[in-house]
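Asks:
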Amino acid sequence: MIDQLVTTLIATLRDVVPIAVVLFGFQLVVLRRPIPHFRRVIMGFLYVLIGLAFFLEGLELALFPLGKLMAAQLTDPAFLFGDGAPMDPSNIDWASYGWVYLFALAIGFSTTIAEPSLLAVAIKAHEVSGGGIGVWGLRVAVAIGVALGIALGVFRIITGTPLHWYIMAGYMVVVIQTMFAPRAIVALAYDSGGVTTSTVTVPLVAALGLGLASTVPGRSAALDGFGLIAFASLFPIISVIAYAQLAEWRAHRRSS
Amino acid sequence: MKAMVDSLRDLAPIVLVIAFFQLAVLQQPIPNLLEILIGAFFVVIGLTLFVRGLEMGLFPIGESMAYAFARKGSLSWLLAFAFALGFGTTVAEPALIAVADEASHVAVEAGLIEDNEQHREAYALGLRYTVAFSVGIAILVGVLRIVRGWPIQYLIIGGYIGVIIMTAFAPKEIIGIAYDSGGVTTSTITVPLVTALGVGLASSIKGRNPMIDGFGLIAFASLTPMMFVMGYGMVISR
């Protein structure tokens, strides 16, 4: 276990080195001023490094094996249809995957709540908005978006409909929403699409997508297994703008 | 101590979901309970340290560099920094390396490239540099937008339209990978840093509002990879 922790720490360190080189390189060569509170900043970097190593290693110990196994078991035809069920591709009904949808919703929501980069953005947004945007409000709005996105992505894999139709329709909704959205939320909403999918969500969601694509008859893991992440990055934009519109509407109604 | 309680609360939903599905739906016992408890403990410690480190290290350095560049007043150095930050943080990103490797297998299956180690590696490496370059460009354009005060929606929606048009021409096999690559580029260390940079810039430049102008860098970083990866797919398949 200690070995593994050290390996993860080294991997995280390798991830941080290019960032540190860019930061300190520009600081020393271009800006040519000492970094304010240098020791505190270095301590902060150390905390981030050690924190991430523990976080990733903990996920690897506690969650990923079970979560991935679960994704595989839930998509197993023997579980869904009972043993010896007919595996006729023309006979697959999208509605018989009930538990898979529920799992997609639940895992999308819960992994997003634990996502460290979303937490970082939420802390910053709370600070910048002077408390107008709640840390939890934003995170729950994003998590709802991810949950719905992944559930819809699962529906797409099961039905085998083309990915780009969904993405284009989603973009249309975003464009229309943007026209009516409060200006202050737009940039943050666009950002929340990108931050949702990192350390916690991607491995579990990818396992779900690959599991489904390899067990649903007529799907290829290579072609249909991808694309769940795209859903998870699109839908939070919609849900965050909706959250802001709802908040604005309620404030409006109260004042009138 | 309070920070640890917060982390515990962040983690609780996943634990509940996994436990419910394992016990109630799949009706199986939870294996290696001890290991899982140790793992959960690690996650809580890790998240707590991470948040502490954010506020001590990543946020302050992102903001102080933004202020320093604004004071220095050299736009070209600022843009060079933006590009380097985007490129540097992405090229070594483990999630991207994994996706690029996976994509090279898809390309072989689709008959886009020959099936041997050398071709696959070249394809994966090309994909990685393409994505890293596109993220560099994204942060550069995003920073330029903050400095100039351009409204974000026109740029992003314009980008979406670009993605849709390219989807019509890109080889079918690359589309899923391209859409996904937008999501995997932004790592847990990049996001806080880039957010602090954007907010810092917007609050140190006169006439910019940190809420309206400060966010949005991540949005660019998840948009450009889709376009560049589809472009890469189109070039390779010629």
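Quick mapping for you: the protein sequence lines, in order, are chains C and U.
Every position in the first sequence, counted from 1, becomes a number in the working numbering once 23 is added.
Every position in the second sequence, counted from 1, becomes a number in the working numbering once 129 is added.
Glycine included, C-beta positions come from ideal geometry on N, C-alpha and C.
Here the structure is a predicted model, which means the values were calculated and not measured.
Once the 5 residues before and after ALA141 (chain U) are set aside, which same chain residues still bring their CB inside 6 Å of it?
Replies: Here residue 141 (chain U) corresponds to residue number 12 of the second sequence, with the count starting at 1. The answer is none, since no qualifying residue turns up.
Asks: Can you tell me whether SER243 (chain C) is buried or exposed? The criterion is at least 16 other CB atoms within 10 Å of its CB, across all chains shown.
Replies: Residue numbering aside, residue 243 (chain C) sits at position 220 when the first sequence is read from its first letter. SER243 (chain C) counts as exposed, since fewer than 16 other beta carbons sit within 10 angstroms of its beta carbon.
Asks: Using a Cβ-Cβ cutoff of 7 Å, what residues of the region 205–222 of chain C are near chain U? List them in chain order.
Replies: ARG206, ALA207, VAL209, ALA210, LEU211, TYR213, ASP214, GLY216, GLY217, VAL218, THR220, SER221 and THR222
Asks: Consult DSSP for ALA166 (chain C) and reduce its assignment to one of helix, strand or coil.
Replies: Position 143 of the first sequence, counting from 1, holds the residue named residue 166 (chain C). Note: ALA166 (chain C) maps to helix in three-state DSSP.
Asks: Taking just the CA atoms, how far does ILE268 (chain U) sit from ALA211 (chain U)?
Replies: If you number the second sequence from 1, residue 211 (chain U) lands on position 82. If you number the second sequence from 1, residue 268 (chain U) lands on position 139. About 6 Å.
Asks: In chain C, which residues lie less than 8 Å from ASP139 (chain U) when you measure between Cβ atoms?
Replies: For this step, residue 139 (chain U) is matched to residue 10 along the second sequence. The contacting residues are ILE136, ALA137 and LEU142.
Asks: Need the endpoints of the alpha helix (DSSP H) that GLN151 (chain U) sits in, please.
Replies: Residue 151 (chain U) sits at position 22 when you count from the first residue of the second sequence. Careful: GLN151 (chain U) lies outside any alpha helix (DSSP H) and carries neither H nor E.
Asks: Hey, does ASP230 (chain U) have any beta-carbon neighbour from chain C nearer than 9 Å?
Replies: Counting from one through the second sequence, the residue named residue 230 (chain U) turns up at place 101. For ASP230 (chain U), the answer is no, since every Cβ of chain C falls outside 9 Å of its Cβ.
Asks: Report back the beta-carbon spacing between PHE145 (chain C) and ARG162 (chain C) to the nearest angstrom; my notes put them in contact at under 8 Å.
Replies: Taking the first sequence and counting its residues from 1, one reaches residue 145 (chain C) at position 122. Taking the first sequence and counting its residues from 1, one reaches residue 162 (chain C) at position 139. The displayed chain sequence assigns Ala, not Phe, to residue 145 (chain C). Right, the Cβ-Cβ distance comes to about 5 Å (below 8 Å), so this counts as a contact.
Asks: Would you please verify whether the beta carbon of TYR124 (chain C) is less than 9 Å from any beta carbon of chain D?
Replies: Of the protein chains in this structure, namely C and U, none is chain D.
Asks: So for LYS131 (chain U), helix, strand or coil by DSSP?
Replies: To locate residue 131 (chain U), count along the second sequence from 1; it is residue 2. Reduced to three states, the DSSP call for LYS131 (chain U) is helix.
Asks: Report the residue ranges of all alpha helix (DSSP H) runs contained in full by the region 36–112 of chain C; include only those spanning at least 4 residues, in chain order.
Replies: Entirely contained in the region 36–112 of chain C, the alpha helix (DSSP H) runs reaching 4 residues are, in chain order, 61–85, 87–97 and 100–104.
Asks: Determine, using beta carbons only, whether LEU269 (chain C) and LEU251 (chain C) come nearer to each other than 9 Å.
Replies: On the first sequence, position 246 is the one that residue 269 (chain C) refers to. On the first sequence, position 228 is the one that residue 251 (chain C) refers to. No, they are not a contact pair.
Asks: Which whole runs of the beta strand (DSSP E) in the region 145–185 of chain U are 3 residues long or more, in chain order?
Replies: none
Asks: Round the Cβ separation of ARG181 (chain U) and TYR70 (chain C) to the nearest angstrom and send it over; I've been treating them as touching at under 8 Å.
Replies: Within the second sequence, the letter at position 52 stands for residue 181 (chain U). Within the first sequence, the letter at position 47 stands for residue 70 (chain C). Contact flag correct, Cβ pair sits at about 5 Å.
Asks: Is it buried or exposed, ASP247 (chain C), if we count other Cβ atoms within 10 angstroms and call 16 or more buried?
Replies: Within the first sequence, numbered from 1, the residue matching residue 247 (chain C) stands at position 224. Buried is the call here.
Asks: When the Cα of ILE33 (chain C) is compared with those of C:GLY74, C:GLY48 and C:LEU46, which residue comes out closest?
Replies: Position 10 of the first sequence, counted from the start, is the residue given in the question as residue 33 (chain C). Comparing alpha carbon positions, the residue from C:GLY74, C:GLY48 and C:LEU46 closest to ILE33 (chain C) is C:GLY74.
Asks: Pick helix, strand or coil for LEU273 (chain U), following the three-state DSSP scheme.
Replies: The residue given as residue 273 (chain U) occupies position 144 in the second sequence. LEU273 (chain U) falls in the helix class under three-state DSSP.
Asks: Rounded to the nearest angstrom, what separates MET24 (chain C) and PHE298 (chain U) at their Cα positions?
Replies: As a working note, residue 24 (chain C) is residue 1 in the first sequence. As a working note, residue 298 (chain U) is residue 169 in the second sequence. Cα to Cα, the separation comes out at about 49 Å.
Asks: PRO354 (chain U) lies in the alpha helix (DSSP H); which residues open and close that run?
Replies: Here residue 354 (chain U) refers to the residue found at position 225 when the second sequence is read from its first residue. 346–366 is the span of the alpha helix (DSSP H), which, as asked, contains PRO354 (chain U).
Asks: Can you name the residues of chain C whose CB is closer than 9 Å to the CB of VAL313 (chain U)?
Replies: For the purposes of this step, residue 313 (chain U) is taken as residue 184 along the second sequence, with counting starting at 1. Those within 9 Å of VAL313 (chain U) in chain C are THR220, SER221, VAL225 and ILE252.
Asks: Counting only the same chain and skipping the five closest in sequence on each side, list residues whose C-beta sits under 7 Å from that of ALA236 (chain U).
Replies: Counted from its first residue, the second sequence places residue 236 (chain U) at position 107. Cβ-Cβ distances below 7 Å link ALA236 (chain U) to ILE242, TYR252 and GLU302 in the same chain, with the five nearest sequence neighbours on each side left out; the list follows chain order.
Asks: Any beta-carbon of chain U closer than 9 Å to the one on GLY74 (chain C)?
Replies: If you number the first sequence from 1, residue 74 (chain C) lands on position 51. Chain U contact via Cβ: present.
Asks: Using the C-alpha atoms, what's the distance from ILE318 (chain U) back to ALA221 (chain U)?
Replies: In the second sequence, counting from the first residue as 1, residue 221 (chain U) sits at position 92. In the second sequence, counting from the first residue as 1, residue 318 (chain U) sits at position 189. Going by the C-alpha atoms only, they are around 12 Å apart.
Asks: Quick check on ALA127 (chain C): buried or exposed, where buried means 16 or more other Cβ atoms within 10 Å of its Cβ?
Replies: By one-based count along the first sequence, residue 127 (chain C) stands at place 104. Buried, because 16 or more other Cβ atoms sit within 10 Å of the Cβ of ALA127 (chain C).
Asks: Return the chain-ordered list of same chain residues with a C-beta closer than 6 Å to the C-beta of MET363 (chain U), the five sequence neighbours on each side being excluded.
Replies: Numbered from its first residue, the second sequence carries residue 363 (chain U) at position 234. Counting only Cβ-Cβ distances below 6 Å, and skipping sequence neighbours, we find ALA299.
Asks: Whose C-beta lies closer than 7 Å to the C-beta of ALA255 (chain C) among residues of the same chain, with five residues either side of it excluded?
Replies: As a first step, residue 255 (chain C) must be located in the first sequence, where it is residue number 232. Hits under 7 Å: GLY131, VAL169, GLY172, ILE173, THR219, THR220, THR224 and VAL228.
Asks: Tell me where the alpha helix (DSSP H) around TRP279 (chain U) begins and ends.
Replies: Residue numbering aside, residue 279 (chain U) sits at position 150 when the second sequence is read from its first letter. Segment: none, TRP279 (chain U) is in no alpha helix (DSSP H) and carries neither H nor E.
Asks: Which residues in chain C sit within 9 Å of ALA211 (chain U), going by Cβ to Cβ distance?
Replies: Taking the second sequence and counting its residues from 1, one reaches residue 211 (chain U) at position 82. By Cβ distance, chain C contributes nothing, its closest Cβ being about 10 Å from ALA211 (chain U), past 9 Å.
Asks: Which bits of chain C does PRO321 (chain U) rub up against, with CB to CB less than 8 Å?
Replies: Counting from one through the second sequence, the residue named residue 321 (chain U) turns up at place 192. For PRO321 (chain U), the neighbours in chain C by C-beta distance under 8 Å run, in chain order, SER140, ALA143, VAL144 and LYS147.
Asks: Check the Cβ-Cβ distances between GLY175 (chain U) and every residue of chain C, and say whether any is below 9 Å.
Replies: The count along the second sequence starts at 1 and reaches residue 175 (chain U) at position 46. Yes, GLY175 (chain U) counts as interfacial toward chain C.
Asks: Excluding the 5 residues preceding and the 5 following PHE102 (chain C) in the sequence, name in chain order all residues of the same chain whose CB lies nearer than 7 Å to its CB.
Replies: Locating residue 102 (chain C) in the first sequence gives position 79, where the first residue counts as 1. Hits under 7 Å: GLN96.
Asks: Answer with yes or no whether the minimum CB distance from TRP272 (chain C) to chain U is below 9 Å.
Replies: Position 249 of the first sequence holds residue 272 (chain C). TRP272 (chain C) does not count as touching chain U.
Asks: Taking only beta carbons into account, state which residues of the region 169–188 of chain C come closer than 7 Å to chain U, listed in chain order.
Replies: Within the region 169–188 of chain C, the qualifying residues are LEU186 and HIS187.
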